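When the letters of the sequence shown are read in order and numbered with the working numbering, they come out as residues 305 to 590.
Glycine included, C-beta positions come from ideal geometry on N, C-alpha and C.
These numbers come from a predicted model, not from an experiment.
Heads up, the thing below is written out as structure tokens.
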Amino acid sequence: PRSGKNPGFSAEKIAEIGATIKSRGVKSPISVKDDPRKPGHYIINDGARRYRGSRWAGVPDIPIFVDNDYVQDDQVVANIQNEGHTPRELAELIQKRLSTGMKKGDIAKAWGKSNAFITQYAALLKLPEVIANAFDADRITDVTVVNELVTAYKKHPEAVANWLSDESQEITRGSVKLLREFLEDSDGGDASLNEADADEPGTGGWGGDSPEEDQSGTQPLDVARRGESTHIRKASIQVEIDGGLCRVILTRRPSKVGMAWFKNESSGKEFEAALEIARMVALVEG
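Here it is as structure tokens:
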């Protein structure tokens with residue numbers, strides 16, 4: 305069921321498998337079943353990559369075992385357990401079964417997964433366009449991140465669309481968590497995170513002298529709201545950690561989920577820390 309575009313079938317991956325087979329041979333037999341259209345021939349149930357790797361290595365014979373009771377869902381289960389399917393492939397496989405009249409509960413039972421798992425992946429085929437575009441372009445590869453963005457998009461479509469429009473924006477669980485926290489904390493609904501209208505001079509927007517400007521030379525979102533524009537230019541998130549003001553570095557990948565990189569506003573020092581110790585205080589321009 306895996307497609308030819310699956311990373312596991314890339315030329316590099318097949319060559320890697322082939323090199324191992326050339327050196328050590330095929331240690332695990334591939335599963336096959338009789339081809340009803342060609343007597344004496346077989347259809348591969350499980351082991352397509354080992355077969356391709358053997359051909360790459362020039363190995364003429366590989367061990368097999370015949371399992372004529374093997375059905376397509378058996379292969380899906382094997383690939384899920386080995387994390388061999390991409391999220392899109394799983395979504396398409398679910399859609400194929402739904403189109404035949406199969407219920408989500410039946411699919412879940414056949415695959416050994418929960419109903420929530422099936423629902424989550426089925427939703428990948430009905431995404432808002434801006435999220436679907438990012439997903440199709442492989443900017444998002446984590447199904448949890450996709451669903452978090454969909455949840456945010458339902459309440460703040462313009463803000464999420466603007467955030468995704470920045471091609472340099474890394475889309476991770478950490479960055480989406482910060483995005484959702486900002487949207488939930490703000491009263492402005494669809495305040496933009498990326499692009500803005502130019503502020504009029506003297507309206508209390510960006511660029512004017514204000515007694516409420518913070519020590520870093522930037523102004524929080526609630527100050528900007530008092531101006532005529534409800535938008536701000538390129539934005540960053542300001543947090544407080546151990547009593548010091550820091551900015552979240554959204555373009556630097558954290559070492560693991562739940563972590564993020566920060567830059568201290570006073571010292572300029574960059575450091576990685578747990579998101580749970582950071583208290584969001586403002587959305588600032590620049």
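If you measure between the beta carbons of Ala-426 and Ile-398, is that distance less than 7 Å? In this structure, Ala-426 places its C-beta atom within 7 Å of the C-beta atom of Ile-398.
Is the stretch 443-463 in contact with the stretch 476-484, if contact means three or more CB pairs nearer than 8 Å? Judged by Cβ distances under 8 Å, the stretch 443-463 makes contact with the stretch 476-484, as three or more pairs qualify.
Can you find at least 3 beta carbon pairs, one from the stretch 454-471 and one from the stretch 430-439, that sit closer than 8 Å? In this structure the stretch 454-471 lies against the stretch 430-439, because at least three pairs of beta carbons, one per stretch, are closer than 8 Å.
Decide if Leu-554 is buried, meaning its Cβ has at least 16 other Cβ atoms within 10 Å, or exposed. It is buried - the Cβ of Leu-554 has at least 16 other Cβ atoms within 10 Å.
In this structure, what does DSSP give as the bridge partners for Lys-337? Bridge partners of Lys-337: Ile-347.
Contiguous alpha helix (DSSP H) assignments of at least 4 residues, all confined to the stretch 411-497: The qualifying runs are 419-426, 433-440, 447-459, 461-469 and 477-489.
Quick one: Cα of Lys-560 to Cα of Tyr-346, how far? Roughly 44 Å separates the two Cα atoms.
Helix, strand or coil, according to DSSP, for Glu-316 in the structure here? Glu-316 falls in the helix class under three-state DSSP.
Note the first and the last residue of the continuous alpha helix (DSSP H) segment covering Ile-553. First-last for Ile-553: 548-553, but that is the beta strand (DSSP E), not the alpha helix (DSSP H).
Find out if the Cβ-Cβ distance for the pair Ile-321, Arg-353 is shorter than 7 Å. Contact flag set, yes.
Can you check whether the CB of Leu-579 is closer than 7 Å to the CB of Gly-562? Yes, these two residues count as a Cβ contact at 7 Å.
Are there 16 or more other CB atoms within 10 angstroms of the CB of Arg-356, so buried, or fewer, so exposed? With 16 or more other Cβ atoms inside 10 Å of its own Cβ, Arg-356 counts as buried.
Hey, out of Pro-343, Ser-571, Glu-396 and Gly-351, whose CA is closest to Ile-366's CA? The residue with the shortest Cα to Cα distance from Ile-366 is Gly-351.
For Ser-472, which residues from the same chain have a beta carbon less than 7 Å from its beta carbon, with the 5 sequence-adjacent residues on both sides left out? Correct list, in chain order: Thr-555.
Tell me the DSSP secondary structure of Arg-583 in three-state form. It is a strand residue.
Quick one: what does DSSP say Ile-541 is sitting in, helix, strand or coil? Secondary structure at Ile-541: strand, using DSSP grouped into helix, strand and coil.
Separation of Trp-360 from Pro-340, as counted between CA atoms: It is roughly 27 Å from the alpha-carbon of Pro-340 to the alpha-carbon of Trp-360.
To the nearest angstrom, how far is it from the Cα of Lys-331 to the Cα of Phe-369? For Lys-331 and Phe-369, the distance between alpha carbons rounds to 13 Å.
Using the DSSP secondary-structure output, state which residues sit across from Glu-576 in a beta bridge. DSSP output for Glu-576 lists Trp-565 as bridge partner(s).
Closest residue to Tyr-663 among Gly-405, Asp-442 and Leu-487 (Cα-Cα distance): With the chain running from 305 to 590 in the structure shown, residue 663 is simply not present.
Excluding five sequence neighbours on each side, which residues of the same chain lie with their C-beta closer than 6 Å to the C-beta of Gly-409? Result list for Gly-409: Asn-419, in chain order.
DSSP three-state label for Ile-592, please. There is simply no residue 592 to check, as the chain begins at 305 and stops at 590 in what is shown.
I need the boundaries of the alpha helix (DSSP H) containing Lys-400, first residue and last residue. Run containing Lys-400: 391-403, per the alpha helix (DSSP H) assignment.
Excluding sequence positions up to five away, which residues of its chain have a Cβ less than 7 Å from the Cβ of Glu-474? Only Leu-554, Thr-555 and Arg-557 meet the Cβ criterion.
Over the uninterrupted alpha helix (DSSP H) stretch that includes Gly-357, give me the two end residues. Element bounds for Gly-357: 352-361.
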